[in-house]
Amino acid sequence: MRLSLRFVLPLILVLAGIAYAIAPLVDRLTVGWFVRDLDIRASLIVNAIQEPLQEQLAAGRKAKINEFFNRITLDERLYAIGYCASPADKALASRSLPADIRCAGLDRWEEPGDHLLASARGPLHVAVKPMASEAAPSGRLVLVHDMSFVTRRSEETKLYVFYFFMGLAIVVSMITVIIAQLSWRGWMTGMRALLRGEGLLRQPGSGAQPNLPGFKPIARDLQRLIHELEVETRTRDEAQITWTPESLRAILHGELRGEDIIVVSNREPYIHQRRNNRIEVQRPASGLVTALEPIMRACSGTWIAHGSGSADREVVDKHDHIAVPPENPAYQIRRVWLTAEEEAGYYYGFSNEGMWPLCHIAHVRPTFRSADWAQYVAVNRKFAKAVVSEARTENPIVLVQDYHFALLPKMIREELPDATIITFWHIPWPNPESFAICPWRDEVLAGMLGSSILGFHTQFHCNNFVDTVDRFLEARVDRESFTVSFGGKSTAVRRYPISIAWPPEEEMVHKPVPDCRNDIRKMNGLPPEHNLGIGVDRLDYTKGIMERFRAIERLMELNPEWIGRFTFVQVAAPTRLGIEEYQHHEAQVRAMATRINSRFGGQGPPPIVLKVEHHEPREVYEYFRAADLCFVSSLHDGMNLVAKEFVAARDDNRGVLILSQFTGAARELPEALIVNPYDADQCAAALHLALIMPATEQRDRMRLMRGIVAEFNVFRWAGRMLLDAAAMRRRSRLTGKAGSSKA
């Protein structure tokens, strides 16, 4: 043992010295890489905003320019932006431009160096780019990026290097100790035991005696150490993980040990419909299904959903299960059957005439009926029983989806107190004053707080939920950690921006873009080079379809050169036809499309082609790849995955995305043309700009957006939630309070 210690202690000291010596080099390399990346990003931003900025400068709209800059700096890494026409002028800038940066002193930021500026927030990177024009030959654009994230990454990297060498030293030391023990106690005995297949520890139920009792404490420590190192490596920094189905499986296998995964949603990912004496399989047009279906393919498990198809009962087994996808089964759907009365009250009534308009604040009056509430409670109870029956363990991981199941988390918690329940709310959450309209607001909030983790798309919606709980419930709200303690349980309220699978499935993008362009135009009776716009939505009043049509009408009024040269195809999947408000909305949409086509369609192809029918994802992607622009005009949306699907479809780096400022996607994709859908003139101007945008600018904008969608994909969305769930479970085991769901 003395020999072992003489070897171990110097080894630890040497490796610690190496880690200390390498850390500054790693720090310099990290900072250098990020500075180069920020310089490239600055150049891309300049290329993207040059043309609209020059137009504003030529018109002398200084207030508009400042507002334009303030919108651009909503990007979490772009701290400030300004424009100097000359050294003597005052900068036109966003509100956040540091006082140290003036037009007269920009030369210092163009000299060789790291271009870093200290601030109370942390280091800032300053880039000065020329933007000359006839009116201002010496014009320059100043871009200031927030580098606090670089400092954090650098510190974390140095810490990981130190931990790595310390871990390596400990592992080598433990191996040395074991070798010494083998030599001391008789290594021949140990080798014979290993050759016979016997472990150092007795296997439960094997009946084998431990061959070397003295090894047991050492072996346990070694196993525990190796596991902790593996966990530390896997969870060190999610920014370093390439999020794929394989990485998601690795998280489940390593962090959660392949535990029981159950998804609960109202809408099922595959619907079986009877058509002319045969059964067809449909994939519904739903952002929720688009996001979750790839997760279930990656993770397996069971998806519990309402069986709504006309042939759903014919294809399930005796336990109401069916394996999907049909062509390559990877997981199970468990279908729950609802009566017509239950569906009318729970789905059409409370969920979609009450909660949907209440949360979207879409100028449609919510309707609340006590009979609908009774059915909502009963159906949530029915789904809770289904979860309990499908759970293979006492502590499954249950992912509850959306506003149809606000009561379900608490009901599951009552039956499975050790379950880890992750509830994701796919629609916006209103402010407390708006939510106060709901007659059963306390019951809804209490039901949701049965969750271990409660997720929303944006921090704004998290803030609204916490404010609502603080207003109406006797709960302890911790705004520092964003947790709510209610009824002896703690719920973590977190932001998880949802996304789509990346890369897109091969069948979605295998058809070349030129072929898509030709075939879609031919299918709709349009000339080969006709300008084409696309909108893909459910026929819902929150999607802003009528506002979109008004913008197209205004485009024809302001820019008549597009009459007969531009057509907008609106793919609108029918939805919730049993609700009067949706029937009225469909009639209004059809009438408006007919009126606009009658007004402007006499000189060639119609301005609007309305397709109120279901389209398969492959067909939708073909439209995306064929279009010159995609217009998303939601009046209020949690995220809107159509915007991200359009970006994913454009592997040719062409096409322009026009995006409503009231979507969660607008916070992630600032390179889109961001508009207020209620402003018809602004939307018409965006349509015109999209139609005349140069190919180089389209490419620059699309590359940036595709990079964001690729990095922040749906596997990252699910992985972050599962990593948080795994951390909760480890913490619960450490404190000896399984199922307490402490955040």
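Per the numbering used here, the sequence shown starts with residue 12, numbered consecutively.
For glycine and all other residues, C-beta sits at the position ideal for the given N, C-alpha and C.
| Check | Outcome |
| --- | --- |
| Could you pull the DSSP bridge partners for Q293 from this structure? | I282 |
| Please give the ranges of any beta strand (DSSP E) in the segment 566-615, keeping only runs that are unbroken, at least 3 residues long and fully inside the region. | 577-584 |
| So for H317, helix, strand or coil by DSSP? | strand |
| How many Å lie between L240 and G178 at the Cα? | Residue confidence for L240 is low, a pLDDT of 49 falling below 50, so the modelled location carries little weight; the figure read from the coordinates is stated next. Roughly 7 Å between the two C-alpha positions. |
| Quick one: using the 10 Å Cβ neighbour count with 16 as the cut-off for buried, is S400 buried or exposed? | exposed |
| Beta carbon of M459, beta carbon of P420: below 8 Å? | yes |
| Roughly how many angstroms lie between the CA atoms of Q214 and I189, to the nearest whole one? | Annotation note: pLDDT 41 at Q214 (below 50); position unreliable, coordinate value reported separately. So the alpha carbons of these two residues sit roughly 20 Å apart. |
| Since T502 sits in a beta bridge, which residues does DSSP pair it with? | V495 |
| In the DSSP assignment, what residue or residues form a beta bridge with C95? | R151 |
| Which residues bound the beta strand (DSSP E) around P514? | Taken as a continuous stretch (DSSP letters only), P514 belongs to no beta strand (DSSP E), as it is neither H nor E. |
| Run through the DSSP bridge pairs and tell me what N542 is partnered with. | F577 |
| Just reading off the alpha helix (DSSP H) that Q456 is part of, what are its end residues? | Sequence check: residue 456 is Leu here, not Gln. 452-459 is the extent of the alpha helix (DSSP H) around L456. |
| By the DSSP assignment, the alpha helix (DSSP H) with R72 in it spans what residues? | Note, R72: premise wrong, no alpha helix (DSSP H); not H, not E. |
| With DSSP as the reference, please indicate the residues paired to I272 in a beta bridge. | I408 |
| Based on the DSSP secondary-structure assignment, which residues constitute the bridge partners of S671? | V686 |
| According to DSSP, which residues form a beta bridge with Q343? | T313, A334 |
| Could you tell me which residues DSSP puts in a beta bridge with C641? | I545, L668 |
| Do the segment 501-508 and the segment 718-734 touch if we need at least three Cβ pairs shorter than 8 Å? | yes |
| Where DSSP assigns a beta bridge to H156, which residues make up the other side? | L89, H136 |
| In chain order, what residues of the same chain have a beta carbon less than 6 Å from the beta carbon of K622, not counting five sequence neighbours either side? | V582 |
| With three or more beta-carbon pairs closer than 8 Å as the criterion, would you say the segment 79-86 touches the segment 95-102? | no |
| I'd like to know whether the C-beta atoms of A316 and Q284 end up nearer to each other than 8 Å. | no |
| Going along the chain, which residues of its own chain have a beta-carbon closer than 6 Å to the beta-carbon of V137, five neighbours each way excluded? | W120, H126, L128, V155 |
| Note down the Cα distance separating R247 from E167, rounded to an integer number of angstroms. | Low confidence applies to R247: its pLDDT is 42, below 50, so where it sits in the model is not reliable, and the reading given next is rough at best. Straight-line Cα distance between these residues: approximately 9 Å. |
| Going by the CB atoms, is the gap between L135 and D711 shorter than 8 Å? | no |
| Out of F657, F673, L456, which one is the CA nearest neighbour of T553? | F673 |
| Is T553 helix, strand or coil by DSSP? | helix |
| Check whether the Cβ atoms of P256 and A309 sit closer than 8 Å, and answer yes or no. | yes |
| According to DSSP, is K101 part of a helix, a strand, or is it coil? | coil |
| Taking 8 Å as the threshold, find out whether the segment 489-503 comes into contact with the segment 529-547 through three or more Cβ pairs. | no |
| Quick one: what does DSSP say P420 is sitting in, helix, strand or coil? | helix |
| Look up P525 in the DSSP assignment and say whether it is helix, strand or coil. | helix |
| Thinking just about the alpha-carbon of each residue, which of D692, T404, V46 is nearest to the one in N570? | D692 |
| Taking T434 as part of the beta strand (DSSP E), name the residues at either end of that continuous run. | 431-435 |
| If we ignore side chains and look at the alpha-carbon of each, how far apart do P539 and P523 end up? | 15 Å |
| Skipping 5 residues on each side, what residues in its chain have a beta carbon closer than 7 Å to that of C527? | E633, R636, A637 |
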